[in-house]
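Protein chains in written order, with the numbering used here: chain A, 141 to 307; chain B, 141 to 307.
Glycine is no exception: its CB is placed at the ideal position from the N, C-alpha and C atoms.
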DNA sequence: CTAAACTTTCAATAATTATTGAAAAATAAA
DNA sequence: TTTATTTTTCAATAATTATTGAAAGTTTAG
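So this is what it looks like as structure tokens:
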């Protein structure tokens, strides 16, 4: 396989993968494009490479910046804006984890806690509260694990995980 | 808040949460409904509770069974099928993790490996391979972590995590 | 076997989500 | 300032995804 073909295949694959994780396909493709690009790209470069409209590029680049995984960059002598994606994949993983945790996990925990306040002393009420409590518990555990992952260094995952499950 | 109100709110919340993780809203709601139900529910019960069509119930219940998180159950004297969701939330978490790992993470690893076979000795090719290698590495690490989580017992997450990040 | 009870399928339709493109707003140069 | 360049917005439209409902298929009872 030739380099450009491989890049295109990577960008396409990443895009379709994204949809199964609730991420906009184009957003994932723009990120993938920037990730394998050797130089900063302008809105026009992205439009051309992915064959999408200016508005679409603007929206998705902004979202990526919002997620903290793409940055604006200025090129000397050029008036327009250029964009780059950080090349450190561990950083990328941490950043995405951090954002999803904040945007999606923490709000769920809040709702679960709130719902547990239900006033009901029947057997059925007790069972409902049990389910909510268990959901909270597992979600909290996952949350605190992610929290620690975000703070940990690049190698904890592989090198130290074994310790955790021994006894 | 009253019990039934709380159940409804829980089911709705779970449904909208699901969409941000790439899960069909109705599928999540059906699961949530079964989770807080004290008895097995028939297709009609689900239709009534969620105000959805028979076909929709059938599709989504089947998907849930496919994911291994809902089971058919037979009620004595009744001809039709009933459904129940396992009430063990840790089991649920493990099952979902297992399925997503198999369906979504493993195929990505395969593609990444395949793409690394690209024949190219330029500087640009090297950089591309570096990015792919790093993506593989982090994905592999996450994958092996999830693998271990699936095999671990209910309390590893909370009780043993601390060990992992020390040193 | 035949009929009733129940489940599954799937083409048509609806609902949701993403994309376009042109106009408005913002920014910088002349 | 005025003008040229670039970015942003957003209503209209397209594409995708989910849902319906009735017909076909299956299973069980009589």
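If you ignore the 5 residues before and after residue 241(A), its C-beta comes within less than 8 Å of the C-beta of 283, 286, 287 and 290, all in its own chain and listed in chain order. With contacts defined as CB atoms closer than 7 Å, residue 183(B) and residue 197(B) qualify as a contacting pair. Residues of the region 160-173 of chain B with a C-beta less than 9 Å from any C-beta of chain A: 160, 161, 162 and 163, listed in chain order.
In the three-state reduction of the DSSP assignment, residue 182(B) falls in the strand class. For residue 225(A), the enclosing beta strand (DSSP E) starts and ends at 222-225. The region 214-221 of chain A makes no contact with the region 246-266 of chain B, as fewer than three CB pairs between them are under 8 Å. Around the C-beta of residue 186(B), 16 or more other C-beta atoms lie within 10 Å, and the residue is accordingly described as buried. Under the Cβ distance rule, residue 141(A) counts among the residues neighbouring chain B, one pair being separated by less than 7 Å.
Among the residues facing chain B, residue 246(A) is not included, as its CB has no counterpart in that chain under 7 Å away. Short of 8 Å from the beta carbon of residue 193(A), and not among the five residues preceding or following it, lie these beta carbons of its own chain, in chain order: 187. Two segments are said to touch when three or more pairs of C-beta atoms, one from each, lie closer than 8 Å; by this definition the region 152-161 of chain B does not touch the region 201-220 of chain B.
Residues of the region 220-254 of chain B that bring their beta carbon within less than 9 Å of a beta carbon in chain A comprise 227, 228, 229, 230, 232, 233, 240, 243, 244, 247, 248, 251, 252 and 254, in sequence order. The Cβ atoms of residue 231(B) and residue 180(B) do not sit closer than 7 Å to each other. Contact check for residue 260(B) against residue 143(A) passes: the beta carbons are separated by less than 7 Å.
Per the C-alpha coordinates, the member of 217(B), 141(B) and 225(B) positioned closest to residue 169(B) is 225(B).
Taking 8 Å as the upper bound for CB-CB distance, residue 146(A) and residue 268(B) are in contact here, some 7 Å apart. Identification of chain A residues near residue 274(B) by a Cβ-Cβ cut-off of 7 Å yields 229, ordered along the chain. The Cβ of residue 175(A) sits closer than 7 Å to at least one Cβ of chain B.
Taking the C-beta atoms as reference points, residue 148(A) is found no nearer than 7 Å to residue 275(B). In chain order, 155, 158 and 159 place their CB closer than 6 Å to the CB of residue 165(A), counting only its own chain and leaving out the 5 sequence neighbours on each side. Burial is judged here by how many other beta carbons sit within 10 angstroms of a residue's own beta carbon; residue 167(A) has at least 16 and is buried. Between residue 272(A) and residue 249(A), the C-beta gap is not smaller than 7 Å, which leaves the two residues out of contact. Exclusion of the five residues before and after residue 215(B) leaves 180 and 222 as the residues of its chain whose Cβ lies within less than 8 Å of its Cβ.
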